[in-house]
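Notes for the one structure printed next.
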Amino acid sequence: MKLTGAEIVVQCLVEEGVEHVFGYPGGAVLHIYDALFQQDKLKHILVRHEQAATHAADGYARSTEKPGVVLVTSGPGATNAVTGIATAYMDSIPMVVITGQVPTALIGNDAFQEVDSVGITRPCVKHNFLIKDVADIAVTMKKAFYIAMSGRPGPVVIDIPKDVTAETAEFIYPNKVEIRSYHPVIKGHLGQIKKAVKLMQTAERPMLYTGGGVILDNAAAELTRITQLLNFPITNTLMGLGAYPATDQQFLGMLGMHGTYEANMAMHHCDVLIAIGARFDDRVTGNIEKFCPTAKIIHVDIDPASISKNIKVDIPIVGPVKQVLTEMLKILEKNSAKVDAILLDNWWSQIEEWRATHCLKFKENSDKTKPQYVVQKLYEVTAGDAYVTSDVGQHQMWAAQYYKFDRPRRWINSGGLGTMGFGLPAAMGVQIAHPDAAVACITGEGSIQMCIQELATCLQYGLPVKIVCLNNGYLGMVRQWQEFFYQGRFAMSYMEALPDFVKLAEAYGHVGLRIEHATDVEGAFKEAFALKDRLVFMNFLTDPEENVYPMIPAGAGLNEMILI
Amino acid sequence: MRRIISILIENEAGALSRVAGLFSARGYNIESLTVAPTEDASLSRMTLVTRGSDDIIEQITKQLNKLIDVVKLIDLTEGAHIEREMLLIKVQAQGDERNELKRMADIFRGRVVDVTSSTYTIELTGSADKLDAFIVSLPAAKILETVRSGVSSISRGAKSLRL
Chain A
1 MKLTGAEIVV QCLVEEGVEH VFGYPGGAVL HIYDALFQQD KLKHILVRHE QAATHAADGY
61 ARSTEKPGVV LVTSGPGATN AVTGIATAYM DSIPMVVITG QVPTALIGND AFQEVDSVGI
121 TRPCVKHNFL IKDVADIAVT MKKAFYIAMS GRPGPVVIDI PKDVTAETAE FIYPNKVEIR
181 SYHPVIKGHL GQIKKAVKLM QTAERPMLYT GGGVILDNAA AELTRITQLL NFPITNTLMG
241 LGAYPATDQQ FLGMLGMHGT YEANMAMHHC DVLIAIGARF DDRVTGNIEK FCPTAKIIHV
301 DIDPASISKN IKVDIPIVGP VKQVLTEMLK ILEKNSAKVD AILLDNWWSQ IEEWRATHCL
361 KFKENSDKTK PQYVVQKLYE VTAGDAYVTS DVGQHQMWAA QYYKFDRPRR WINSGGLGTM
421 GFGLPAAMGV QIAHPDAAVA CITGEGSIQM CIQELATCLQ YGLPVKIVCL NNGYLGMVRQ
481 WQEFFYQGRF AMSYMEALPD FVKLAEAYGH VGLRIEHATD VEGAFKEAFA LKDRLVFMNF
541 LTDPEENVYP MIPAGAGLNE MILI
Chain B
1001 MRRIISILIE NEAGALSRVA GLFSARGYNI ESLTVAPTED ASLSRMTLVT RGSDDIIEQI
1061 TKQLNKLIDV VKLIDLTEGA HIEREMLLIK VQAQGDERNE LKRMADIFRG RVVDVTSSTY
1121 TIELTGSADK LDAFIVSLPA AKILETVRSG VSSISRGAKS LRL
């Protein structure tokens, strides 16, 4: 049967098992919206800004194992989506973004709402396509989903001119697609895996350092088994939190610029470092000249380009994390060679000494509520079981430090790009994927205003997100750096003219709470989470001068932390 | 080190800009770049000359391989290879200069391919080094225009870059 291009687009999404599309209509995608209107398999979520559509789809993808799907119009629709596409790209999140384009005959003519979407998105997508023939839609959509989901995942943009969505073609959705130039690795090299296991078993001061790749490949269970089997200490990156239970004794906390003292010291002093699905980001390594000076490094990653990009490694293993860990487990389980228990005990004693500094302790609440205290209370009230999204800045670090994630895909944040405005729309995506779950968005008074318009979307779709706004009246992380490194010249970091967030929430039809005293924090959370079907905006007035500790200043090594 | 990287890439709109964009985004330099379809019209062959330390070159080849449109690539400088580039150069040629320029072209095995009463246009093929040497040997003030094709290169022996 012949279908229009627009109907084919919709049918392809149905065939891919997509249930939710996040988007915003406009001229170039009117045919597609018309096709959406005439079906009931796909649900479309109307956001209030295209950036939010991409973040919502991103949050949806991160909290499930499914790709996020976005539909926006040409020109400004596409450019507004770029920040969200780049955010997903930096964190390797699978996403398919359909952008409308002006009719083929007008491309290149500076037509109304025309922009070179393929050109603009090229540096921040895994791949992109411009479809010029209606007959190519089905196979291109198939390719897009395949590319987005396989190998190192990432966003894929499909740009479709309006006339192509009006033309008709026979619809056949391919079961499978071959791309001769794209063959993601599906197995790690067995010889390398064996070498790695041998090195792990002869380690005296081993350390596991794991990142978002473990979560993306759903390998948390394998990682946990192997860590416990070997009794090795483990740290997670900001992107990797939840891959190993944070409440377990072997977990040393997050590492890096605002990581724990014990995690960073163990990194610095280890003799065998096992990096899994992590990419030696500059916020993790500190000064690379001083990074892990005594360690032999094993690096497992799906992306060959991640290996030896920032840090030279000794045993690279290119392959999917889950498969490689499974293979390692097989070898370990039938191999009688054991790690020297005495040496490992010594190493643990040293780590416990570092841990005894209690680097995450913070000063008691005075008349000002401590932001760390708010996050701790959130953790307690939600029993550690909420999905937590965050924006970017101090509150993001406090969330990562004080909310202990025991499960993967619960901690949703923009780690790579550091996109303010991510938290609320991401929380919408998470809530849509998990309608009955508790979803909290930890944010600040700066970040929340970058996508505040989405409060309307939350009302329209009944999304009971709990907004935890740590309002210190400053762009806190900027203020912190200005205090440390710019002699307290607080250029533009003070947030004047803040709205009354309670009234604002109410104006959007939600519940607003203003919490001035530490003694009211727990009660506020209980009240908010009891309102199961309402969005609650909690405006916590927190200590404006609180800083994030510990901290590794720029240019320092992991052993040169500033403690409180 | 100077490297010649040869790439088989899908012959599709935008493929060239993916490669060029990768180099500019990551701060790699391109000394020359040539591209044209192969005997298989669905594929283009690109020859790219770049410079960088071994680490940078490793990243360049890995990042190129990551591009979905790149089918295959090889660093030709890792083995024996043939390198050719073509130069067209227009020079002022009047009076006694005409003989001297013709002799110079002959020494470099170049050919005069266009003549006016006051100019010669010389075609010369060879390695990039040889073309450099020829240009330097001409009086700079007499050179009116030069155009170089960029390097094309192929490995020696039976080894070949193909699907």
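For the record, the sequence lines run as chains A and B. Residues 1 to 564, numbered by the working numbering, are exactly what the first sequence covers, in order. Residues 1001 to 1163, numbered by the working numbering, are exactly what the second sequence covers, in order. Ideal placement from N, C-alpha and C gives every residue a C-beta, glycine not left out. Everything numeric in this text was worked out from a predicted model, so none of it was measured.
Which listed residue (B:Ala1158, B:Met1001, B:Arg1162) has its alpha carbon closest to that of Ala1080 (chain B): With respect to the C-alpha of Ala1080 (chain B), the residue from B:Ala1158, B:Met1001, B:Arg1162 having the closest C-alpha is B:Ala1158.
Beta-carbon spacing of Thr165 (chain A), Ile32 (chain A) below 9 Å: Their beta carbons are under 9 Å apart, which means Thr165 (chain A) touches Ile32 (chain A) by this criterion.
Whole runs of the alpha helix (DSSP H) within the region 90-162 of chain A, excluding any shorter than 4 residues: Restricting attention to alpha helix (DSSP H) runs no shorter than 4 residues, the region 90-162 of chain A encloses them at 117-121, 137-149, ordered along the chain.
Ser63 (chain A) and Gly421 (chain A) closer than 9 Å at C-beta: Between Ser63 (chain A) and Gly421 (chain A), the C-beta spacing is not below 9 Å.
Local conformation of Ala1 (chain A) per DSSP, three classes: Per the sequence shown, residue 1 (chain A) should be read as Met rather than Ala. In this structure, Met1 (chain A) counts as coil in the three-state DSSP scheme.
Chain-ordered neighbours of Ser181 (chain A) on chain B, where CB pairs are closer than 7 Å: Those are Glu1010, Ile1068, Asp1069, Val1070, Val1071, listed as they occur along chain B.
Under 9 Å by beta carbon: chain B residues contacting Lys187 (chain A): Neighbours of Lys187 (chain A) on chain B: none; closest Cβ ~18 Å, over 9 Å.
The region 132-150 of chain A: positions lying closer than 8 Å to chain B by Cβ: For the region 132-150 of chain A, which is checked against every Cβ of chain B, the residues closer than 8 Å are Ile147.
Any chain B beta carbon closer than 9 Å to Val118 (chain A): Yes, Val118 (chain A) counts as interfacial toward chain B.
Contact with chain A by Leu1161 (chain B), beta-carbon distance below 9 Å: No, Leu1161 (chain B) lies away from the interface with chain A (no Cβ there is under 9 Å from its Cβ).
Bridge partner(s) assigned by DSSP for Arg1148 (chain B): Per the DSSP secondary-structure output, Arg1148 (chain B) pairs in a beta bridge with B:Leu1087.
Inter-stretch contact at 8 Å, needing at least 3 Cβ pairs: the region 1022-1030 of chain B / the region 1053-1070 of chain B: Verdict: yes, contact present.
Assigned exposure category for Ala341 (chain A) - 16 Cβ within 10 Å defines buried: Per the 10 Å Cβ criterion, exposed.
Nonlocal neighbours in the same chain, by C-beta distance under 6 Å from Thr382 (chain A), ignoring five residues either side: Answer for Thr382 (chain A): Ala438, listed in chain order.
Contact with chain B by Arg279 (chain A), beta-carbon distance below 9 Å: For Arg279 (chain A), the answer is no, since every Cβ of chain B falls outside 9 Å of its Cβ.
Alpha-carbon spacing of Leu459 (chain A) relative to Ala88 (chain A), whole angstroms: A direct Cα-to-Cα measurement between Leu459 (chain A) and Ala88 (chain A) gives close to 25 Å.
Neighbourhood of Ala251 (chain A) by C-beta, 7 Å cutoff - its chain only, sequence neighbours within 5 removed: Checking the displayed sequence, the identity of residue 251 (chain A) turns out to be Phe instead of Ala. Contacts found: Ile234, Tyr244, Pro245.
Residue of A:Ser493, A:Ser447, A:Val96 minimising C-alpha distance to Ala148 (chain A): Among A:Ser493, A:Ser447, A:Val96, the Cα nearest to that of Ala148 (chain A) belongs to A:Val96.
Where Ile1060 (chain B) falls: helix, strand or coil (DSSP): Helix, per DSSP.
Contact the region 315-328 of chain A vs the region 163-183 of chain A: 3+ CB pairs below 8 Å: No: fewer than three Cβ pairs fall under 8 Å.
Through-space distance from Leu1161 (chain B) to Thr1038 (chain B), alpha-carbon basis: It is roughly 11 Å from the alpha-carbon of Thr1038 (chain B) to the alpha-carbon of Leu1161 (chain B).
Residues that Gly1014 (chain B) contacts on chain A, provided the C-beta gap is smaller than 7 Å: Residues of chain A whose Cβ lies closer than 7 Å to the Cβ of Gly1014 (chain B) are, in chain order, Val118.
Same chain, Cβ closer than 7 Å to Leu13 (chain A), neighbours up to 5 away in sequence not counted: Result list for Leu13 (chain A): Val21, Leu42, Val69, in chain order.
Glu222 (chain A), buried or exposed, once every other Cβ within 10 Å from all chains shown has been counted against 16: Of the residues assessed, Glu222 (chain A) falls on the buried side of the cut-off, its CB having 16 or more other CB atoms within 10 angstroms.
Sub-9 Å separation of Val478 (chain A) and Gly418 (chain A) beta-carbons: Contact flag unset, no.
Enclosing alpha helix (DSSP H) for Arg355 (chain A) [first to last residue]: Note, Arg355 (chain A): alpha helix (DSSP H), 341-355.
Pair within 9 Å by beta-carbon distance, Ala530 (chain A) and Phe540 (chain A): At a Cβ-Cβ threshold of 9 Å, Ala530 (chain A) and Phe540 (chain A) do not count as neighbours.
Inter-residue spacing [alpha-carbon to alpha-carbon] between Cys359 (chain A) and Thr519 (chain A): Cys359 (chain A) and Thr519 (chain A) have their C-alpha atoms spaced approximately 24 Å apart.
Paired residues, beta bridge with Phe22 (chain A) - DSSP: According to DSSP, Phe22 (chain A) bridges with A:Ile45, A:Val70.
Length of the line joining the Cα atoms of Thr443 (chain A) and Lys309 (chain A): Pairing Thr443 (chain A) with Lys309 (chain A), the inter-Cα distance amounts to about 33 Å.
Unbroken alpha helix (DSSP H) run spanning Ser1137 (chain B), endpoints: Element bounds for Ser1137 (chain B): 1128-1137.
Outcome for Thr224 (chain A) when other beta-carbon atoms lying within 10 angstroms are tallied against a minimum of 16: So Thr224 (chain A) ends up on the buried side.
Glu1123 (chain B) (DSSP reduced to helix, strand or coil): Here Glu1123 (chain B) carries a strand assignment [DSSP, helix/strand/coil].
Through-space distance from Glu522 (chain A) to Leu378 (chain A), alpha-carbon basis: Leu378 (chain A) and Glu522 (chain A): Cα-Cα distance of roughly 8 Å.
Backbone CA spacing between Glu445 (chain A) and Tyr474 (chain A) [nearest angstrom]: Roughly 8 Å between the two C-alpha positions.
is_contact[Glu1100 (chain B), chain A] using C-beta, thresh 9 Å: No, its Cβ sits nowhere closer than 9 Å to a Cβ of chain A.
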